[in-house]
Structures are given as C-alpha cells and as structure tokens.
Amino acid sequence: MMLFADLDESLANSQRHAKPRAGRVPLRTAERKRIDRELRIAATAFEAHEGMVITDANKVILRVNRAFTETSGYTVEEVVGKTPRFFRSDCHGPEFYEALWRAVEQKGYWRGEMVTRRKNGETYPVWYTMTEVRGNNGIITNYVTTSTDITRQKKAEKEILELVFYDPLTKLGNRRLLMDRLQQAMAATFRDGGHGALFFIDLDNFKTLNDTAGHEVGDMLLLQVADRLAACMRLEDTVARLGGDEFVVILTGLSPQLAEAIHFAKQVGSRILHTLNTPYELGGQAHLSSPSIGVVMFGQENNTVHELLRYADLAMYQAKASGRNGLRFFDPAMQIAIKARADLEASLRIALKRHEFVLHYQPQINAWGQLIGAEALVRWQHPQRGLLPPGDFIPQAEESGLVVPLGLQILEIACTQLEAWSRGRNLGDFILSVNVSARQFHQRDFVEQVLATVVRTRADPRKLKLELTESLLLDNVEETITKMTELRTHGVSFALDDFGIGYSSLSYLKRLPLDQLKIDQSFVRTVLVDGNDAAIARMIVALAQTMGLKVIAEGVETQAQRDFLLDCGCLAYQGYLFGHPMPSGPFEEFLKQVDGVGAR
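Using this note's numbering, you'd call the opening residue of the sequence shown number 516 and step up by one each time.
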C-alpha cells in the first residue's frame, strides 16, 4: 500500500509529465482514475480497525488514524510531531526495544506482543507490527506501525490457564501445571549440569479425618498444608497438588555435586516434616497430621516426567511402609520396572520390522447424525499378549524415539486404507485424521515424508487431516507454521488435538494455519458435573468460532454430553456414543450402513 505522501507525489509527477493541451494541462483520465482509486484504497486501509501510526525516517509521527486515537485516548494534535516513545510503558526494558529495532533493520519489520500506555496512564497489551518503507532509491522514508488491543484475548487466555492449570481449592498448580514445570526443570538441569529434586508428599491417615470429621474439615487441612508447603519453598521452586491429599514439590538449581544436592534436599525434607507436624486448628479443634515423603533426585539421567513421579511415589510408599511420618529417597534397587521397559523397547523394534501394528478407526459424526470422518488409532497386535492399546507402548515409543518410524508406518497404513475406501466410492466430505507426535513433526524432512507417502499410496491429501498436540507448539513456532503451511498447499488439513490441556499462547495460536480445535475428552467426561470443565468447553467453542475454526469434541459417551455440547455450539463429535474404534473390515461395513457422508 502506498503512503498518502507517495500518492500525492505520484499525482504531481503525472501532472508535470502530462501532454500539454490548450488552456490547463489536465491529468490523463486513466492516470487520474488510477491514482484516485489508490488514494481511496489507502484511505480506507488507513481507517481500519487496527491502530495505525506513520512516522518519518527520524521516527517523528506524521499521521495516526481514528482507531489509534480511540484506543489510546490521545488526540491527533497530542501525538503528531512526537516519537512513539511518548506512549511507551515501563513494562519493557531497553533491551526489548533494541531487539525490536535490530529486527526492523535486518528484516524490514517486527511483529509481536507489546505493552503500551493509554493517555490516562493505563497500560494494555497489543499485537504490534512495525514496518519500514523505502523510496525508489532504497532509502528509508517512513515507518508504519499497526497495533491491535488484545486485552480481551489475554484475559480469556488467563481465565483458561487458571481453570486448566490451578487447583480450585488450594490455588496451587495442578497435575497439568506440574507436568509442564517438571519437564522444564528436567531440561534446565540437564542443560546446566546441575541437579533437582522431586518430592512426593502424602498425608498420613487423611481418609480417616475425612470419614470422621467430614470433607469440609479435610479441605481445611489441605488449605493449611498448602500454605505451609509454599512457605517452606524458595521462589524458584514449585509446589503443586496432585490430587486428594497428595502434594508434589520440585526443587531446581541444586549443586552439580550430587552429594551436596542430596544434602540440601534432606534439609528441605526435614523442614517440611517439622512444619507439617505442627498442630493444625480445624474448626476450633486442634489436629495433628504427619506426612510420608518420597524423594527422587534428577539431573543428567534420561528419565521421563512419568518415570520421576513413579520413582518418587515408590519412595513415598517405602516411607509409609517404614512407619509413616518419614522421608525416603528413591533407591535404584526399586527399579524392577526398568528391565520391563528395556524389554518393551526391544519388542517394539521387532514389531516395527514385522509390521505388527494395525489401525482401528473411530467414527466422527456431525450434529445431524452424518458420518464426517474418522480418527485412525494405533493398536499393537502382539504375538503373545494379543491386541494392545496405545497406552501400553506409545509412552515407551516416545521416550526411545521409536515413535518416528512408528508414526511413518501409521501414516502409510492410514493413507493406503483411505485410498482403498475411496476406490469406487464417493466419500464426499469424509476426512481421515491421523495423530502426529511432536518428535515426528520436528523431523527435518517431515513434509517430504508426508507428501511421499501420499503420492506412493495415491491417497487424496484433501481427505487427510493431521492432529497435532499443543506441546508441539512450544518449540520453534516459525518452523511449525512453515511446515503446516506447505502441507496445506497440497490439501492436507490440521487439527489441534487435546486442546485446553497444553500451555500454548493464544497469540501464537492465531498465527497457526489450523482448521479445527479438538476438545479433550478429559473435559467432556465431566462436563455435566464439573463447572470448571463445562466453562472450559464453552470457552473453547467460543474461541474456535471467533477464530473461524471448526471444533470437535472427543470422548462423547452419553446423549446428555452430546446435547450439552450441541447447546454450546459444538457440531461434531467422537466417542463411544457413536461408535468404538474398529478394524478396517467392520468400519467398511459401518461406512455402508450410515445415512451418508455429511458436510463438516
């Protein structure tokens, strides 16, 4: 888009070079119409809903539009002639603006979130874009900035995070936040060469208190325990409620020397034991409670978050078995399960070579009862143990890296089946969804692998949907967008699976070329009995509608759940209410029996 000054100059130049005629020297009619049209377009764009500021090469403000004045509260006269420093907030340090201008100098633009200031002193978040404008000689003539007030989006994001990541009773982090923090702590200790400690804390005889005094008194104890645990910790440590009377503490930044790290963890454990043994006042009555604590150290080991929690849990049960009210560190001798894990990995490698993995297909139905697609779900046809669900082997495949060749094998089977179903039949709007792990997606040649599979199997890429998880978005957002965009040009669509349980920023979410959000079954399962989950489901549907995305709910098992989701505006469902995952043969029969393939 040309700036007004550029158009005015173009108009003057056209007048100077127009062919002389008798009397005035008029502008050529076609040229005048072109410039008038461009002026109208520029004026319309300038008065868009986004706030716009135009400066000269010295960053002095020349023009602002109405959206900027309405949002910021400043008048045109108050800002013209000044620089954007005039309405900066104190929320960003000098290094932030240095990085901004460095990006503009290197790439010609910068975009991202920023906190700015209104005339009344109030700060507010904006999605900000700065672009340089150069003349024909390559010299910068102007800078153009656009800003969109994202206060509502940030508020919605905060509400979702509070519902998803925090325990409503104690206000401590819940299991979801704990898993995220523990993953970050493990990565940091591995990177820095230090150690961390994971405490698993269970209150002794808590069930007896609940049964005799009631859940209200039990909740009082949990609240006081939460406060005492938080008071024992440093600011950089994490305290979470895992559920019931189970609490977890993560210590980070401990000494690289294991002996020193263990010594510090013992001191913290002793402090927790002492603090939680101090009498409580519950409804005017004194009460004594004690904890059993299990501790596992972590650092350079190649463990998963689930393994660490299991190790700490084993140590906690050892503390209970030793008489309760004590602390035990995880003993490597407890690792009976480690051999089983190694055996499982070896079996997975053999299974991949023997092609023992099969797919079952779960139908996806719209609000009118029509089949709109299916999700391909992997099963392991184990020669000795029979048909195994994904929970029995996917975590080990993820940890070992075998999920990459497994994912390719799954994609090959799915595309082959999709082509077979399409042969001689019009599938209409039917789309087959295939899950993709973060590790698989971040392979350098992932796009080439998908396209090669589609070509080799002759599957229609427009009927293939890849389901991604929110955890995938945490690493290298730009790379993720590039890969998704390239595959979309070939017809492949994308859904964001398990939406609501991850930790992605809404500002990144709106940039992703997604087609659908998938409400996680953990919300759907209790949507009729848990007000928080019901609120999350409504917000996800509203968010999807606002962003122009389709939405589907998984784990729908009852008509009441389906009716609630329909009332929220969710028009697509997947779950036992409509059909269990089934092998290709029975699903082929299912295809023949349904009324038809409906529009999504």
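By construction, the Cβ of each residue, glycine as well, lies at the ideal position given by its N, Cα and C atoms.
For residue i, which residues in the same chain have their Cβ closer than 7 Å to its Cβ, ignoring the five residues on either side in sequence?
| i | result |
| --- | --- |
| LEU1203 | The structure shown does not extend to residue 1203, since the chain is modelled only from 516 to 1115, so the question has no answer here. |
| LEU1064 | LEU1029, ASP1030, GLN1031, LEU1032 |
| ILE765 | ARG696, LEU697, ALA700, GLY711, LEU713, ASP752, THR753 |
| ALA1092 | Checking the sequence, you will find Leu at residue 1092 rather than Ala. So the list reads VAL1071, GLU1072, THR1073, GLN1074, ARG1077, once near-sequence residues are dropped. |
| LYS1025 | MET1062 |
| GLY922 | VAL951, SER952, GLN955 |
| THR590 | THR584 |
| ASP571 | LEU577, ASN657 |
Once the 5 residues before and after residue i are set aside, which same chain residues still bring their CB inside 6 Å of it?
| i | result |
| --- | --- |
| GLY623 | GLU647 |
| PHE1102 | TYR876 |
| ASP682 | ASN689, ARG756 |
| PRO794 | ALA801, LEU803 |
| PRO898 | none |
| VAL873 | ARG894, GLN896 |
| ILE787 | CYS747 |
| SER662 | GLY566, VAL641, TYR643 |
Which residue wins for smallest C-alpha separation from residue i, given the options the options?
| i | options | result |
| --- | --- | --- |
| VAL965 | ILE925, VAL992, TRP936 | ILE925 |
| MET694 | ILE654, THR753, MET735 | THR753 |
| LYS1116 | ASP1012, VAL811, ARG756 | Nothing about residue 1116 can be read from this structure; the chain reaches only from 516 to 1115. |
| GLN1108 | ALA836, PRO878, ASP907, GLN899 | PRO878 |
| THR631 | PHE601, GLY1090, ALA745 | PHE601 |
| VAL740 | THR931, LYS686, THR767 | LYS686 |
| GLN911 | ASP1082, GLU993, GLN896, ARG864 | ARG864 |
| GLU934 | ARG900, GLY814, ALA618, THR972 | THR972 |
| LYS634 | LEU824, THR586, VAL619, TRP625 | THR586 |
| ALA1068 | THR997, LEU692, ASP1013 | ASP1013 |
| GLU816 | GLU860, PHE705, ALA745 | PHE705 |
| GLU677 | GLU985, ARG691, GLY798 | ARG691 |
| ILE1016 | ILE1051, GLU982, HIS1005 | ILE1051 |
| PHE908 | ARG617, ALA857, LEU773, ALA728 | ALA857 |
| VAL732 | GLY627, ASP742, GLY799, VAL763 | GLY799 |
| LEU724 | PHE961, MET567, LEU797 | LEU797 |
| THR666 | VAL595, GLU637, ALA1059, ARG603 | GLU637 |
| THR1004 | TYR612, ASN818, LEU979 | LEU979 |
| GLY653 | ARG626, GLU620, GLY627, THR968 | GLU620 |
State the DSSP-derived secondary structure class of residue i, mapped to helix, strand or coil.
| i | result |
| --- | --- |
| LYS722 | helix |
| PHE602 | helix |
| ILE887 | strand |
| ARG940 | coil |
| LYS1107 | helix |
| LEU518 | In this prediction, LEU518 has a pLDDT of 48, which is less than 50 and means its spatial position is unreliable; what the coordinates show is noted afterwards. If DSSP states are grouped into helix, strand and coil, LEU518 belongs with coil. |
| GLY916 | coil |
| THR1041 | coil |
| HIS821 | helix |
| TYR1023 | helix |
| ALA572 | coil |
| THR793 | coil |
| GLN924 | helix |
| PRO806 | strand |
| ILE654 | coil |
| ASP828 | helix |
| GLN896 | strand |
| HIS957 | coil |
| THR590 | coil |
| PHE1128 | This structure cannot speak to residue 1128, because the chain is shown only from 516 to 1115. |
| VAL783 | helix |
Can you tell me where the beta strand (DSSP E) holding residue i begins and where it ends?
| i | result |
| --- | --- |
| PHE611 | That residue, PHE611, is in no beta strand (DSSP E); its alpha helix (DSSP H) goes 609–622. |
| LEU577 | 576–579 |
| HIS875 | 872–881 |
| GLY799 | Looking at the DSSP string, GLY799 is not in any beta strand (DSSP E), and its letter there is neither H nor E. |
| ARG843 | 842–844 |
| MET694 | No beta strand (DSSP E) contains MET694, which is instead part of the alpha helix (DSSP H) from 690–707. |
| PHE1014 | 1008–1014 |
| GLU647 | 638–649 |
Quick check on the DSSP output: the alpha helix (DSSP H) that includes residue i runs from which residue to which?
| i | result |
| --- | --- |
| GLU993 | 992–1004 |
| THR666 | 666–680 |
| LEU966 | 961–972 |
| THR685 | Per DSSP, THR685 belongs to no alpha helix (DSSP H) and is neither H nor E. |
| ARG839 | Where ARG839 is concerned, there is no enclosing alpha helix (DSSP H), given that its DSSP letter is neither H nor E. |
| ARG977 | From DSSP, ARG977 is part of no alpha helix (DSSP H); its letter is neither H nor E. |
Considering only residues of the same chain and omitting the five flanking positions on each side of residue i, which have a CB-CB separation below 8 Å?
| i | result |
| --- | --- |
| GLY784 | PHE714, ILE808, VAL810, LEU842 |
| MET1097 | HIS875, TYR876, GLN877, PHE1105 |
| MET831 | PHE715, ILE716, ASP717, SER807, ILE808, GLY809, ARG843 |
For the ligand PLP, is there any heavy atom lying closer than 7 Å to the beta carbon of residue i?
| i | result |
| --- | --- |
| ALA671 | The ligand PLP is not part of the structure shown, which contains no ligands of any sort. |
Whole beta strand (DSSP E) elements within the region 1023–1098, 3-residue minimum = If we require 3 residues or more, the beta strand (DSSP E) runs fully inside the region 1023–1098 come out as 1031–1034, 1065–1069, 1087–1089.
Kindly provide the ranges of any alpha helix (DSSP H) runs that are 4 or more residues long and lie completely inside the region 713–765, ordered along the chain.
-> Those alpha helix (DSSP H) runs which fall completely within the region 713–765 and span 4+ residues are 721–728, 730–747.
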